[in-house]
Amino acid sequence: MVQTISPALARRVALAAQGFGRPAATGTGSAGPGIRQLGALVERLGLLQIDSVNVFERSHYLPAFSRLGPYDKAELDRLSSGRTPRLTEYWVHEASLLPVDDWPLFRWRMRAYRDKAAGDDSHWSRDNKPMLDWLRAELAANGPMPASAIEHDANKRSGPWWGWSDVKIGLETLFRWGDVVSAGRRRFERVYALPEQVFSDELLGREVSAADAHRALIAQAARAHGIGTVSDLADYFRLRTLPTRTAIDELVDSGELLPVQVPGWGRGGAAGAAWLHRDARLPRRIDAAAVLSPFDPVVWERARALRLFDFHYRIEIYTPQEKRQFGYYVLPVLLGDTIVGRVDLKNDRQAGVLRVQASWAEAGAPLDTAERLAEVLRSTMAWQGLERIEVVPRGTLAPALAAELNR
Numbered sequence: 202m203v204q205t206i207s208p209a210l211a212r213r214v215a216l217a218a219q220g221f222g223r224p225a226a227t228g229t230g231s232a233g234p235g236i237r238q239l240g241a242l243v244e245r246l247g248l249l250q251i252d253s254v255n256v257f258e259r260s261h262y263l264p265a266f267s268r269l270g271p272y273d274k275a276e277l278d279r280l281s282s283g284r285t286p287r288l289t290e291y292w293v294h295e296a297s298l299l300p301v302d303d304w305p306l307f308r309w310r311m312r313a314y315r316d317k318a319a320g321d322d323s324h325w326s327r328d329n330k331p332m333l334d335w336l337r338a339e340l341a342a343n344g345p346m347p348a349s350a351i352e353h354d355a356n357k358r359s360g361p362w363w364g365w366s367d368v369k370i371g372l373e374t375l376f377r378w379g380d381v382v383s384a385g386r387r388r389f390e391r392v393y394a395l396p397e398q399v400f401s402d403e404l405l406g407r408e409v410s411a412a413d414a415h416r417a418l419i420a421q422a423a424r425a426h427g428i429g430t431v432s433d434l435a436d437y438f439r440l441r442t443l444p445t446r447t448a449i450d451e452l453v454d455s456g457e458l459l460p461v462q463v464p465g466w467g468r469g470g471a472a473g474a475a476w477l478h479r480d481a482r483l484p485r486r487i488d489a490a491a492v493l494s495p496f497d498p499v500v501w502e503r504a505r506a507l508r509l510f511d512f513h514y515r516i517e518i519y520t521p522q523e524k525r526q527f528g529y530y531v532l533p534v535l536l537g538d539t540i541v542g543r544v545d546l547k548n549d550r551q552a553g554v555l556r557v558q559a560s561w562a563e564a565g566a567p568l569d570t571a572e573r574l575a576e577v578l579r580s581t582m583a584w585q586g587l588e589r590i591e592v593v594p595r596g597t598l599a600p601a602l603a604a605e606l607n608r
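Numbering (my numbering), first residue to last: 202 to 608.
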């Protein structure tokens with residue numbers, strides 16, 4: 202008989218699997234969490250999604266802060282740089298940091314990108330093979346380099362949005378194919394390298410079939426989610442439904458995944474099928490206090506956020522200002538095991554101010570929401586090296602939050 206998991210327990214399972222509800226990690230002295238804790242967190246999550254928006258903080262830095270508290274961002278940078286990096290980048294959810302050892306699990310995706318380009322007469326690479334060969338040769342001769350160091354006067358930036366040069370297009374094409382890899386970032390600009398300049402011979406020689414890779418990735422997604430539907434597990438690494446179902450069936454047969462039902466997770470509010478990882482914790486209580494990146498695995502799949510938290514979330518960065526409901530860079534507020542509000546944050550680095558552009562309470566938010574959020578924001582201010590917090594009087598939570606911060 203299939204076990205039934207209550208929606209409340211499913212929510213706690215999901216948060217525990219994501220690293221919430223554990224004692225805050227501490228490093229040596231007052232430095233906070235260090236390399237070991239940060240590395241363990243990325244291993245737990247499987248990836249950190251990267252996004253270029255920097256109005257508050259780069260998205261890949263936020264999950265560690267949400268789960269571990271204030272830490273030195275340079276420590277996370279060190280994990281993806283140096284002669285033996287522990288993290289690398291690839292298109293795994295979107296552009297993301299992932300453990301180096303997991304890079305071979307995406308060779309099938311690299312081959313798919315290459316095969317698609319080979320079969321498309323209009324693909325940029327078809328008419329630019331000399332450029333691709335030249336880029337490989339430049340990296341071979343000079344070692345890891347960012348695109349800006351390779352570009353030269355003949356390259357004219359063009360395009361209505363990104364304005365990428367042929368060098369950047371070529372490097373990104375080779376990156377998708379696995380012909381070049383990331384050697385970290387400099388001022389957020391990706392540094393490109395040949396695989397043999399960054400990875401070990403053992404890693405480069407590791408071949409994983411597409412079926413085995415899908416099974417490993419779904420297992421990782423299930424560990425990171427704790428519990429999830431087919432669409433939840435497939436979305437974690439952007440996998441297709443059919444191979445996801447096959448992998449789930451194989452993991453159920455091996456005992457790693459346990460089929461369960463969750464009331465309200467099916468169509469029309471009926472019970473829905475889900476899968477619980479065998480190692481998932483089943484906590485009676487979660488008491489988190491954090492703001493979440495819009496690209497945090499807890500909320501990045503909006504249907505799952507609605508299912509878990511009854512939280513309707515849309516990022517409004519690309520919405521015209523006059524049509525925004527909650528703000529520009531809005532972060533969900535997680536207190537206890539519930540998303541209780543949202544804050545639009547801006548890091549005014551020049552003025553040394555954390556600006557709360559808007560703050561909103563969700564229906565049913567507890568009475569101490571403003572008090573607890575104020576403590577989270579004070580910690581955020583200190584982590585960012587800022588001097589004060591200013592609350593704009595916009596949103597249902599703004600008056601109470603301003604009062605708490607002014608105590």
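Built from N, CA and C at the ideal position, the CB exists for glycine as well. This structure is a prediction, so every number in the text was calculated from the model and none was measured.
**Q.** 8 Å CB neighbourhood of P594 in its chain, flanking five on each side removed
**A.** Listed in chain order, the non-local C-beta contacts of P594 below 8 Å within the same chain comprise P600, A603, local neighbours out to five positions each way being set aside.
### Query
Ends of the beta strand (DSSP E) at Q526?
Counting along the chain, Q526 sits inside no beta strand (DSSP E), nor does DSSP assign it H or E at all.
| message | Taking only three categories from DSSP, how would you classify S540? | response | As written in the sequence, residue 540 is Ile, which differs from the Ser given in the question. Look at I540 here: in three-state DSSP terms it is strand.
As assigned by DSSP and simplified to three states, the class of V463 | Here V463 sits in strand by DSSP.
Using only the alpha-carbon positions, how far apart do A218 and A490 sit?
Between the C-alpha atoms of A218 and A490 there is a straight-line separation of about 16 Å.
query: In three-state DSSP terms, what is T445?
result: Looking at T445 - three-state DSSP - the assignment turns out to be helix.
**Asked** Going by DSSP, what residues sit across from D545 in a beta bridge?
**Response** In DSSP, D545 forms a bridge with V531, A559.
Item to complete: With W584 as the anchor, note down where its alpha helix (DSSP H) starts and where it stops.
Response: Taken as a continuous stretch (DSSP letters only), the alpha helix (DSSP H) holding W584 covers 570–584.
**L483 - containing beta strand (DSSP E), residue span** = First-last for L483: undefined, no H or E at that position.
Margin query: Once DSSP output is grouped into helix, strand and coil, what is the label at E397?
Written below: In this structure, DSSP gives E397 a helical state, which the three-state scheme calls helix.
- [ ] For L459, I'd like the list of residues in its chain whose CB is within less than 8 Å of its CB, leaving aside the five on either flank, ordered along the chain.
- [x] Cβ neighbours of L459 within its own chain (closer than 8 Å, five residues either side excluded): Q204, V453, W476, L477, H478, R479.
### Query
What separation, rounded to the nearest whole angstrom, lies between the Cα atoms of L418 and R503?
Taking the straight line from one Cα to the other gives about 21 Å.
- Message: Rounded to the nearest angstrom, what separates T285 and F221 at their Cα positions?
- Response: CA-CA distance, T285 to F221, rounds to 29 Å.
Decide if E276 is buried, meaning its Cβ has at least 16 other Cβ atoms within 10 Å, or exposed. Looking at its Cβ environment, which holds 16 or more other Cβ atoms inside 10 Å, E276 is buried.
For the alpha helix (DSSP H) holding R212, just list the boundary residues, first then last.
For R212, the uninterrupted alpha helix (DSSP H) segment begins and ends at 208–218.
Notebook entry, point to check: So, helix, strand or coil for T597, using DSSP?
Noted result: In the three-state DSSP reduction, T597 falls in the coil class, being neither helix nor strand.
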